[in-house]
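Visitor:
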Amino acid sequence: MSDLPSIRAKTLDGLIRAGSQAWDEFRAYAKDRHHLFIPCDHRGAYEALRGLRSRAATFVEFGSAAGIVTIMADLLGFEAYGIELEPWLVNRSIEIAEQFGSAAVFAEGTFVTPAYQDEIELLSADFLTPTNGACAFDELGLELSDFDLVFAYPWPGDEDWLGELMRRHARADTILLTYDASEGFLVSQPSQPS
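Read in order, the letters of the sequence shown are residues 15 to 208 in the working numbering.
#1: If we ignore side chains and look at the alpha-carbon of each, how far apart do F92 and E98 end up?
#2: Report the residue from A71, R22, I82 and L103 whose alpha carbon sits nearest the alpha carbon of R41.
#3: Measuring alpha carbon to alpha carbon, tell me which residue in A79, A32 and L63 is nearest F73.
#4: Does the contact criterion of 3 or more C-beta pairs under 8 Å hold for the stretch 114-125 versus the stretch 73-85?
#5: Going by CA-CA distance only, name the one from A44, K45, D27 and G77 that's closest to G58.
#6: Does the Cβ-Cβ distance between Q203 and T188 come in under 8 Å?
#7: Exposed or buried, what is R106 when buried is set at 16 or more other beta-carbons lying within 10 Å of its beta-carbon?
#8: Is S68 helix, strand or coil by DSSP?
#9: Is I21 buried or exposed, if buried means 16 or more other CB atoms sit within 10 Å of its CB?
#10: Just to confirm, are A87 and A36 a CB contact at a threshold of 8 Å?
#11: Measure from the alpha carbon of L89 to the alpha carbon of each residue in A111, P53, F165 and R69, then state which is nearest.
#12: Short of 6 Å in beta carbon distance, which residues of its chain neighbour Y60, apart from the five on each side in sequence? Order them along the chain.
#13: Could you tell me which uninterrupted beta strand (DSSP E) segments, each at least 3 residues in length, are contained entirely in the stretch 103-133, listed from first to last along the chain?
#14: Tell me A166's beta-bridge partners as DSSP assigns them.
#15: Quick check: what's the CA-CA separation for A32 versus Y43?
#16: Where does the unbroken alpha helix (DSSP H) through L154 begin, and where does it stop?
#17: Go through its chain and collect everything with a Cβ distance to F114's Cβ below 8 Å, but skip five positions before and after it.
Now the structure itself:
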């Protein structure tokens, strides 16, 4: 018997199916419009969150999309928040959270702090993460430094500035969990001195 927290298999399967359905719905909604929503490996995220639960109490997801990982975090016992720029996805996340009895909180806006937005916008044109929109931390009434665990699925090439954002605005003990399609889930603490 594992000491790790868990979500009932039926609930987890249903949540992952809801995420897949939301992905299909969003693609139909967005049609040919360019968007930045690509789901991560939800089962892998679940296992990563289970393994980190004893090390963290508060969780925020940058670019929470349909909210599946944030809802998983809540159901595993984290105080969980998701930040998403796309209003349709924020609304769908709230619906899915309600469907699964989750208290996860979702905010619409950017996760890039105002103090860092100007610098980010000066980066190369290859930078993909949008920084426009209201700062979602203001809507939440929280700051990046309030979180023990941050999850992000950065676009290729965005890892360095994400690490710099963490170094500048997160606590030294904050854990950064990232997903990479080829490397899987990676755990780091970029705010800790080298």
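Using N, Cα and C, we set each Cβ at its ideal position, and we do this for glycine too. Fair warning: this is a prediction, and the values are worked out from it, not measured in the lab.
Guide: In brief:
#1: Numbered from 1 along the sequence shown, position 78 holds the residue referred to as residue 92. Numbered from 1 along the sequence shown, position 84 holds the residue referred to as residue 98. If you take the alpha carbons of F92 and E98, they lie about 19 Å apart.
#2: Looking up residue 41 in the sequence shown gives position 27. Looking only at A71, R22, I82 and L103, the smallest Cα-Cα distance to R41 is reached by L103.
#3: For the purposes of this step, residue 73 is taken as residue 59 along the sequence shown, with counting starting at 1. Per the Cα distances, L63.
#4: The answer is yes - the stretch 73-85 touches the stretch 114-125, with three or more Cβ pairs under 8 Å.
#5: Counted from its first residue, the sequence shown places residue 58 at position 44. The residue from A44, K45, D27 and G77 with its alpha-carbon nearest to that of G58 is D27.
#6: As a first step, residue 203 must be located in the sequence shown, where it is residue number 189. As a first step, residue 188 must be located in the sequence shown, where it is residue number 174. Result yes, Cβ atoms of Q203 and T188 sit closer than 8 Å.
#7: Walking along the sequence shown from the start, residue 106 turns up at place 92. Its Cβ being crowded by 16 or more others within 10 Å, R106 is buried.
#8: Taking the first residue of the sequence shown as 1, we reach residue 68 at position 54. Residue state, collapsed to three classes: helix.
#9: Against the sequence shown, residue 21 aligns to sequence position 7. Of the other Cβ atoms in all chains shown, 16 or more fall within 10 Å of the Cβ of I21; this residue is therefore buried.
#10: Residue numbering aside, residue 87 sits at position 73 when the sequence shown is read from its first letter. Residue numbering aside, residue 36 sits at position 22 when the sequence shown is read from its first letter. In this structure, A36 does not lie closer than 8 Å to A87 by Cβ.
#11: For the purposes of this step, residue 89 is taken as the residue at position 75 of the sequence shown. Among A111, P53, F165 and R69, the Cα nearest to that of L89 belongs to A111.
#12: On the sequence shown, position 46 is the one that residue 60 refers to. Closer than 6 Å at the Cβ level, and outside the excluded window around Y60, lie M86.
#13: If only uninterrupted beta strand (DSSP E) runs of at least 3 residues are considered, those enclosed by the stretch 103-133 are 119-122.
#14: Position 152 of the sequence shown, counted from the start, is the residue given in the question as residue 166. A166 pairs with F76 and T192.
#15: For this step, residue 32 is matched to residue 18 along the sequence shown. For this step, residue 43 is matched to residue 29 along the sequence shown. One C-alpha to the other measures close to 16 Å.
#16: Within the sequence shown, residue 154 is the residue found at index 140, counting from 1. It spans A150 to L154 - the alpha helix (DSSP H) in which L154 sits, taken as one unbroken run.
#17: Reading the sequence shown from its first residue, position 100 is the one you call residue 114. Result list for F114: T25, G28, L29, A32, I85 and L89, in chain order.
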